[in-house]
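For reference, the structure is listed below as structure tokens.
Chains as they are written, first to last, in this note's numbering: chain A, 9 to 120; chain B, 27 to 137.
In structure tokens form, the structure reads like this:
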């Protein structure tokens, strides 16, 4: 059974600081997704990582994938309040069929 | 705007009742997946439909069932509701080899 673990589960940051969220998964997969969820809202796709060594960046967020270590990271650079949200990683257990197994999420709070 | 809509947005039911949740996808999105997200948890995969046939199921009992229709709409049916079924239910759809988009969700409360 595929397991996806995120840490930390809670993260309180000051604006301007950097931090990394980690996502470990238990079985071989080369498709990993990062999502953002605001309170009471649906999931917003941030990154799709499709191969070992993939790195993608959008604004202050950068995601990477190491399939050999079964690890993905989401790095936050110079955090701003607008990044406050819950971030989920998800792994596709069904090849390209989007049968996603999600982590428990990281609740990020960015304080002024 | 993802082009995936869900109805209703909120719903209150009592234990033992049955509920039907609906999802409407974009044209060409012949794969639809349903997820259950309990409060404070990540979404859990319920099942997926591809071209109107079930195409994979998560660890959910048979009282969770679904349908997909030729017009790219789909339904999630839950029978004999239990308190633990209270959650946000998300549908997501994608075209062949395309990006998956999530709908806004239906929040179900079972009393």
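The C-beta atom is built at its ideal place from N, Cα and C for all residues, glycine as well. Bear in mind the structure is a predicted one, so any value in this text is a computation, not a measurement.
>> Which residues of the region 41-69 of chain B have a Cβ closer than 9 Å to any Cβ of chain A? Give them in chain order.
In response: 57, 59, 61, 63, 66, 67, 68 and 69
> Name the chain B residues that come within less than 8 Å of residue 106/A, Cβ to Cβ?
Replying inline: As a first step, residue 106/A must be located in the first chain, where it is residue number 98. Here the neighbours are 57, 59, 74, 118, 120 and 126.
>> What does the Cβ neighbour count give for residue 110/B, buried or exposed, with the cut at 16 atoms within 10 Å?
In response: For the purposes of this step, residue 110/B is taken as the residue at position 84 of the second chain. By the 10 Å Cβ count, residue 110/B comes out exposed.
> Which ranges does the beta strand (DSSP E) cover as unbroken runs of at least 3 residues, wholly within the region 77-111 of chain B, from first to last along the chain?
Replying inline: 79-83, 90-94 and 99-104
> How is the beta strand (DSSP E) around residue 27/A delimited, first residue to last?
Replying inline: By 1-based counting over the first chain, the position of residue 27/A is 19. Per DSSP, residue 27/A belongs to the beta strand (DSSP E) from 27-33.
> If you follow the beta strand (DSSP E) that residue 83/A is part of, which residue opens it and which one closes it?
Replying inline: Numbered from its first residue, the first chain carries residue 83/A at position 75. Run containing residue 83/A: 79-84, per the beta strand (DSSP E) assignment.
>> Using beta carbons (cut-off 8 Å, strictly below), is residue 129/B in contact with chain A?
In response: Against the second chain, residue 129/B aligns to sequence position 103. Yes, its Cβ sits closer than 8 Å to a Cβ of chain A.
>> Quick check on DSSP: helix, strand or coil for residue 91/A?
In response: For this step, residue 91/A is matched to residue 83 along the first chain. Residue 91/A: helix per DSSP, three-state reduction.
> From residue 108/A to residue 117/B, what does the alpha carbon distance come to, in whole angstroms?
Replying inline: Reading the first chain from its first residue, position 100 is the one you call residue 108/A. Reading the second chain from its first residue, position 91 is the one you call residue 117/B. Answer to the nearest angstrom: the Cα atoms are 12 Å apart.
>> Can you tell me whether residue 10/A is helix, strand or coil according to DSSP?
In response: Here residue 10/A corresponds to residue number 2 of the first chain, with the count starting at 1. Of the three classes helix, strand and coil, the one that applies to residue 10/A here is coil, per DSSP.
>> Assuming residue 113/B is part of the beta strand (DSSP E), what are its boundary residues?
In response: If you number the second chain from 1, residue 113/B lands on position 87. Looking at the DSSP string, the run of the beta strand (DSSP E) that includes residue 113/B is 113-120.
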